Amino acid sequence: MDRGHLLTEQVNPNSQNLDRLSCLELVELFNCEDAKAVAAVAEAKQELAEAIALTAKSLHHGGRLFYIGAGTSGRLGVLDASECPPTFCTPPEMVQGIIAGGAAALIRSSEDLEDRAEDGAGAIAQHKITQLDVVIGITAGGTTPYVQGALQAARARGATTIFIACVPQEQVQIDVDVDIRLLVGAEILAGSTRLKAGTATKLALNIISTGTMVQLGKVYGNRMVDVAVTNNKLRDRALRILRDLTDLEADAAETLLDRSGKSVKLALLMHWTGLGREEGDRLLVEHKGNLRAAVASCKG
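Structure follows, in structure tokens:
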């Protein structure tokens with residue numbers, strides 16, 4: 006297949022003399038071009054919002070979110086998925102990243118594996134995707150057979166399908182529920198989509214996963230109240246959240262956090278309502294983990 010017509014394969018006129026630039030000129034050029042990644046994400050805001058709404062609805066009803074891709078796109082999906090448990094205390098199975106070639110492809114190039122559509126479909130079958138799940142296919146150039154095969158198989162199983170690519174719809178067409186195009190233009194290094202395309206994709210995944218978790222009640226204000234307290238840095242963050250939102254002194258915040266079983270959300274509920282740990286747990290379950298709703302139900 007000749008991909009020369011794709012936007013991601015074009016030659017950038019602003020970097021024609023790339024190999025003759027000084028180090029400072031290189032940095033300035035990158036900085037100028039990288040701004041286009043942010044602009045491209047802004048142009049896709051409606052589609053990103055739709056992706057958040059559909060994903061939150063699925064996860065709210067017990068579904069899962071899967072990112073699937075190859076090469077840089079696959080690695081970005083795995084990265085975003087792996088950061089959800091420590092940030093939002095989600096179970097590992099709730100958000101998962103699938104990359105062509107498996108775990109080995111995260112550190113060693115295996116881009117040849119992206120050419121097998123049947124492998125993408127096989128990954129969907131292996132993970133037992135259902136109509137409750139959301140599958141986000143990521144491919145900068147839009148033509149990766151592994152991703153195309155996965156999305157087709159996921160759609161056949163009734164899953165919600167979302168496509169993220171950096172080429173316009175007229176260049177690559179696909180039948181999905183949400184079609185997100187991040188049109189960053191030609192790369193500084195022609196065809197190297199780990200650059201602007203990768204940056205825009207990372208921004209989009211940040212928005213989708215964080216926005217989804219906000220919709221699921223895993224954030225209070227702009228605080229990470231479902232943070233997993235698994236090391237000293239995260240314990241410090243948890244204590245600072247408690248102190249900022251309750252005005253407790255350090256020792257009292259420590260005691261409250263330990264009484265709650267290291268759950269910031271539960272600690273706040275206990276402090277604001279006077280409930281014990283078990284009662285607070287039950288109330289949070291009743292309100293599907295939404296702290297604001299749980300507190301409001303006590304005041305009502």
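Add 5 to a position in the sequence shown, counting from 1, and you land on the number used in this note's numbering. Backbone N, C-alpha and C fix where the C-beta goes; we use that ideal spot for every residue, glycine too. Remember, predicted model here, so these are calculated numbers, not experimental data.
Query	Result
Beta strand (DSSP E) segment containing residue 34, residue limits	Premise fails: residue 34 lies in the alpha helix (DSSP H), 28-48, not in any beta strand (DSSP E).
Pairwise C-alpha distance: residue 242 and residue 262	12 angstroms
Under the three-state DSSP convention, the category residue 178 falls into	coil
Whole-angstrom distance between residue 220 and residue 251, CA atom to CA atom	23 angstroms
Pick from 255, 288, 181, 102 that is closest to residue 271, judged by C-alpha positions	288
Touching by the beta-carbon criterion (3+ pairs, under 8 angstroms), the region 31-42 and the region 89-102	no
Sufficient close CB pairs (3 or more, under 8 angstroms) joining the region 78-85 to the region 45-62	no
Every unbroken alpha helix (DSSP H) within the region 218-277, with a cutoff of 4 residues, ordered by chain	237-251, 255-264
Backbone CA spacing between residue 10 and residue 191 [nearest angstrom]	11 angstroms
Cα-Cα separation between residue 24 and residue 194, rounded to whole angstroms	10 angstroms
Through-space distance from residue 88 to residue 196, alpha-carbon basis	28 angstroms
Cβ-based burial, residue 44 [other Cβ within 10 Å; buried from 16]	exposed
6 angstroms Cβ shell around residue 75 - same chain, five flanking residues per side excluded	105, 119, 149, 151
8 angstroms Cβ cutoff met for residue 181 and residue 168	yes
Distance between beta carbons of residue 232 and residue 247, contact taken as under 8 angstroms	Contact doesn't hold; Cβ gap of about 11 angstroms is too wide.
Residues near residue 114 by beta carbon distance below 8 angstroms, same chain, minus five either side	76
Per-residue burial, residue 26 [other beta carbons within 10 Å of its own, 16 or more giving buried]	exposed
Beta carbon of residue 138 nearer than 8 angstroms to that of residue 245	no
Candidates 260, 142, 92, 132, of which the one nearest residue 235 by Cα	92
Residue 57 (DSSP reduced to helix, strand or coil)	helix
Opening and closing residue of the alpha helix (DSSP H) in which residue 77 lies	76-87
Cut-off 6 angstroms between Cβ atoms - residues of its own chain near residue 208, not counting five sequence neighbours on either side	46
Per-residue DSSP class, three states only, for residue 137	coil
Pairwise C-alpha distance: residue 284 and residue 63	28 angstroms
Residue 160 (DSSP reduced to helix, strand or coil)	helix
Cβ separation of residue 282 and residue 265, assumed to be a contact under 8 angstroms, to the nearest whole Å	6 angstroms
Same chain only: Cβ atoms within 6 angstroms of residue 240, ignoring 5 sequence neighbours per side	234
Nearest residue (CA-CA) to residue 42, options 201, 172, 238, 276	201
Assigned secondary structure, residue 110 (DSSP; H/G/I helix, E/B strand, else coil)	helix
Contacting residues, own chain, Cβ-Cβ under 6 angstroms from residue 94 (five flanking each side not counted)	231, 233
Residue of 253, 257, 295 minimising C-alpha distance to residue 223	295
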